[in-house]
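The structure appears right after this line, and notes come after that.
Residue numbers (my numbering): 6 to 327.
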């Protein structure tokens with residue numbers, strides 16, 4: 006089947022590769038690629054953040070986690086490493102209920118369909134030893150992973166602006182345009198959330214550990230080690246559609262101060278980056294009712310790297326029914 010994927014961020018590239026692996030002839034069309042995409046400024050650690058619906062997200066995330074862990078073993082040049090993750094929370098109970106994102110194993114007869122996500126309640130490795138969920142967290146390095154995905158495609162990406170999804174060539178058109186779907190799919194349920202990160206030298210931080218502190222939902226903090234640097238964040242703030250984001254020095258200072266409070270040693274700041282997450286209360290992954298040749302796959306918020314493969318597999322199922 007001839008398939009056109011629109012969009013070349015993590016969702017578009019993973020969807021294209023997944024469909025290609027299933028024997029489809031795939032081409033990718035995108036207005037932006039590589040460093041110009043939102044995906045290039047992502048923290049890119051496996052963690053379902055600000056995304057729904059919970060049931061589908063947990064399954065998509067579990068499938069993606071398994072895929073990323075396999076890539077970490079088979080293709081180190083892809084830039085995937087497996088870290089130990091800690092999520093610091095305020096949940097009570099001894100132990101509290103499992104986090105919503107930690108899928109249980111699912112079976113069909115005697116076959117394992119989805120591997121579960123093992124979590125354990127432990128003290129976090131920071132000042133004060135607050136309680137946290139510990140889990141395995143694959144992390145992608147966007148500067149390596151995005152080019153690796155692109156290089157795996159049989160056809161080069163067509164770089165151009167897209168005005169009408171239904172006018173694109175192919176038996177099926179997959180919309181993976183993220184925030185641009187606000188106009189392309191006429192969907193005002195997807196809107197921008199501003200995210201800002203600080204990229205620093207490694208300092209004395211543990212490069213095998215990522216920590217997320219979401220005790221304050223309005224000021225989430227995370228530290229994500231890459232192979233040659235640290236990524237610290239963050240924020241998730243409503244932002245006017247159509248406006249251009251700008252760096253906010255007060256956000257960067259709050260992020261760095263949070264690291265100091267937790268006793269995390271951070272090296273010199275290299276740079277700061279700002280971007281807009283394509284937030285939607287629920288990911289839209291479905292066939293378009295008016296244009297059944299079009300399948301939508303957007304609205305992943307801050308969880309594109311966490312959901313990419315699981316969502317791509319569901320897209321492949323819809324394509325198979327076309």
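Think of the CB as a built atom: it goes at the ideal place given N, C-alpha and C, for glycine as much as any other residue.
Problem set entry | Start-to-end residues for the beta strand (DSSP E) that takes in residue 51 | Residue 51 -> no beta strand (DSSP E), and no H or E assigned at all.
Problem set entry | Start-to-end residues for the alpha helix (DSSP H) that takes in residue 15 | 15-26
Exercise. Taking DSSP as the reference, what is the three-state secondary structure of residue 146?
Worked result: In the three-state reduction of the DSSP assignment, residue 146 falls in the coil class.
For this session: Please state whether DSSP places residue 69 in a helix, a strand or coil.
Result: The answer is helix: DSSP assigns residue 69 an H, G or I state.
Problem set entry | Three-state secondary structure assigned by DSSP to residue 127 | strand
Exercise. Thinking C-alpha only, which one of 280, 309, 312, 268 is nearest residue 131?
Worked result: 268
Problem set entry | Residues of its chain near residue 208, where Cβ-Cβ distance is below 6 Å and the 5 sequence neighbours each way are ignored | 270, 271, 272
For this session: With DSSP as the reference, label residue 273 as helix, strand or coil.
Result: coil
Exercise. For residue 277 versus residue 257, is the C-beta distance shorter than 9 Å?
Worked result: yes
Problem set entry | Residue-level contact to chain D via CB, residue 147, 9 Å cutoff | Of the protein chains in this structure there is only one, and it is not chain D.
Exercise. Can you tell me whether residue 184 is buried or exposed, with buried defined as 16 or more other CB within 10 angstroms of its CB?
Worked result: buried
For this session: Rounded to whole angstroms, what's the CA-CA distance from residue 71 to residue 192? Just pull it up for me.
Result: Rounded to whole angstroms, residue 71 to residue 192 spans 31 Å at the Cα level.
Problem set entry | Same chain, Cβ closer than 7 Å to residue 242, five either side skipped, listed in chain order | 198, 199
Exercise. Are the CB atoms of residue 91 and residue 144 nearer to each other than 9 Å?
Worked result: no
Problem set entry | Contact under 9 Å by Cβ, residue 179 with residue 15 | In this structure, residue 179 sits away from residue 15, with a CB-CB distance that is not shorter than 9 Å.
Exercise. Is DSSP giving residue 217 helix, strand or coil here?
Worked result: Strand.
Problem set entry | Secondary structure of residue 262, DSSP reduced to three states | helix
For this session: Check the C-beta distance from residue 84 over to residue 25 and give it rounded, since I have them as a contact under 8 Å.
Result: That pair is no contact at about 20 Å.
Problem set entry | residue 125 versus 108, 135, 103, residue with shortest Cα-Cα distance | 103
Problem set entry | For residue 320, three-class secondary structure by DSSP | helix
Problem set entry | Reference residue 260, options 11, 252, 227, 63, closest by Cα | 227
Exercise. What's the C-alpha gap between residue 219 and residue 93?
Worked result: 6 Å
Exercise. Over what stretch of residues does the alpha helix (DSSP H) that includes residue 158 continue unbroken?
Worked result: Residue 158 -> no alpha helix (DSSP H), and no H or E assigned at all.
Problem set entry | From 210, 195, 245, residue whose alpha carbon lies closest to that of residue 233 | 210
Problem set entry | Inter-residue spacing [alpha-carbon to alpha-carbon] between residue 294 and residue 204 | Spanning the two alpha carbons is a distance of roughly 43 Å.
Problem set entry | Helix, strand or coil at residue 175 [DSSP, three-state] | Here DSSP, grouped into helix, strand and coil, assigns residue 175 to coil.
For this session: Use the C-beta contact count for residue 304: other C-beta atoms within 10 angstroms, 16 or more gives buried, fewer gives exposed.
Result: buried
For this session: Provide the residue(s) that pair with residue 30 in DSSP beta bridges, ordered along the chain.
Result: 7
Exercise. Just curious, the beta strand (DSSP E) that residue 291 is in, first and last residue?
Worked result: 289-292
Exercise. From what residue to what residue does the alpha helix (DSSP H) around residue 188 run?
Worked result: First-last of the alpha helix (DSSP H) with residue 188: 186-189.
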